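Written out below as structure tokens is the structure these notes cover.
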Amino acid sequence: MSAAVFEALDMGLTALDGHGRVAAWNAWLASASGIPAQDAIGKRLDELFPGAGPSRLASAVSEALVSGASRLLTHSLHPALLPLRTRSGQELIHNVSVQPLGQAPYHKCLVQIVDVTTAVHRERILRERQNARYDAVVNSAPDAILTLDAQGVIQLANPAAAREFDYAPSDLVGREMAVLLDAPEPWGELWQSLLEGIVMHRPVEITARRKDGSASFLEVSASRW
Numbered sequence: 155m156s157a158a159v160f161e162a163l164d165m166g167l168t169a170l171d172g173h174g175r176v177a178a179w180n181a182w183l184a185s186a187s188g189i190p191a192q193d194a195i196g197k198r199l200d201e202l203f204p205g206a207g208p209s210r211l212a213s214a215v216s217e218a219l220v221s222g223a224s225r226l227l228t229h230s231l232h233p234a235l236l237p238l239r240t241r242s243g244q245e246l247i248h249n250v251s252v253q254p255l256g257q258a259p260y261h262k263c264l265v266q267i268v269d270v271t272t273a274v275h276r277e278r279i280l281r282e283r284q285n286a287r288y289d290a291v292v293n294s295a296p297d298a299i300l301t302l303d304a305q306g307v308i309q310l311a312n313p314a315a316a317r318e319f320d321y322a323p324s325d326l327v328g329r330e331m332a333v334l335l336d337a338p339e340p341w342g343e344l345w346q347s348l349l350e351g352i353v354m355h356r357p358v359e360i361t362a363r364r365k366d367g368s369a370s371f372l373e374v375s376a377s378r379w
């Protein structure tokens with residue numbers, strides 16, 4: 155890779171020698187890290203970013219130099235890997251890839267840092283909008299809707315469920331579904347089938363007990379989510 159291309163690419167690039175010390179440091183990385191190339195050359199990443207995430211990078215660099223393995227460290231599994239900033243001063247969300255250079259035995263490796271800040275923010279906005287739509291549908295639904303965890307404990311209850319069981323939604327959350335039923339056996343069989351991945355094809359009739367002790371006769375459909 156020519157020096158002009160090395161500097162022109164819109165990503166962070168640093169080449170490390172066989173001892174893990176910086177041999178090249180492009181302008182993009184100098185801007186994002188606040189460390190000029192002349193201050194980075196000859197230093198290890200853990201010296202340049204003390205207390206950050208270079209230990210994960212160090213193992214990836216070692217694998218690249220010793221065995222020729224390439225690795226990708228994603229922001230989702232390794233958040234805030236390096237303390238980098240965008241030009242506006244915001245946290246720079248990034249993925250890092252490490253790959254050996256040349257032929258074995260390897261004496262250099264290349265570390266590439268890709269800015270995914272805009273994409274991640276866009277995904278978060280879309281997810282928030284989807285969650286808002288989901289909440290609107292669930293909260294306005296005329297049927298009782300409950301979300302349970304793997305132990306059968308209620309994690310979410312919509313207003314219709316609160317009316318059906320005569321509990322406040324906050325009082326339903328944290329209760330086991332079976333506790334609310336007059337005869338929990340049919341529900342127990344259904345729940346076990348769901349945990350085993352068996353798809354429910356028709357509703358099951360159950361009898362629930364409201365807070366005041368009165369009976370509520372229900373048809374229940376359920377699926378894994």
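The sequence shown begins at 155 in our numbering and counts up by one. In this text, a Cβ means the ideal position worked out from N, Cα and C, and glycines have one as well. Owing to the predicted nature of the structure, the values given are computational and were not obtained by experimental measurement.
Burial state of residue i (16 or more Cβ within 10 Å)
i: E254; result: In the sequence as presented, Glu is not what sits at residue 254; that position holds Pro. Buried, since its Cβ has 16 or more Cβ neighbours within 10 Å.
i: L349; result: exposed
i: S187; result: buried
i: F319; result: buried
i: I308; result: buried
i: H248; result: buried
i: N180; result: buried
i: V250; result: buried
i: A304; result: exposed
i: N285; result: exposed
i: T168; result: buried
i: N293; result: exposed
i: L246; result: buried
Coil, strand or helix - residue i by DSSP
i: T271; result: helix
i: D366; result: coil
i: L163; result: coil
i: R225; result: strand
i: P323; result: helix
i: E192; result: With the sequence shown as reference, residue 192 is identified as Gln, and Glu is not the correct amino acid for it. Three-state DSSP puts Q192 in a helix.
i: A186; result: helix
i: A157; result: helix
i: A295; result: coil
i: R317; result: helix
i: R210; result: helix
Same chain only: Cβ atoms within 7 angstroms of residue i, ignoring 5 sequence neighbours per side
i: G205; result: none
i: R175; result: G196, K197, R198
i: C263; result: L170, V215, A218, L219, V252, Q253, P254, L255
i: D297; result: A314
i: A316; result: A322, P323, L326
Residues sharing a beta bridge with residue i, DSSP
i: N180; result: DSSP output for N180 lists no bridge partner at all.
i: E373; result: E359
i: A311; result: L300
i: D171; result: K262
i: R198; result: R175
Other residues of its chain near residue i: CB distance less than 8 angstroms, five sequence neighbours each side excluded
i: M165; result: W182, Q266, I267, V268, D269
i: P357; result: E373, V374, S375
i: S185; result: R241
i: S370; result: E318, F319, T361, A362, R363, R364
Proximal residues to residue i (C-beta, below 6 angstroms), its chain only, five neighbours per side dropped
i: L335; result: W341, I360, A362
i: L211; result: L199
(request) Entirely within the segment 229–288 and at least 4 residues each: give me those alpha helix (DSSP H) ranges in chain order. (result) Unbroken alpha helix (DSSP H) stretches of 4 residues or longer found wholly inside the segment 229–288: none.
(message) In chain order, what are the residue ranges of uninterrupted alpha helix (DSSP H) at least 4 long that sit wholly in the segment 327–352?
(response) 339–349
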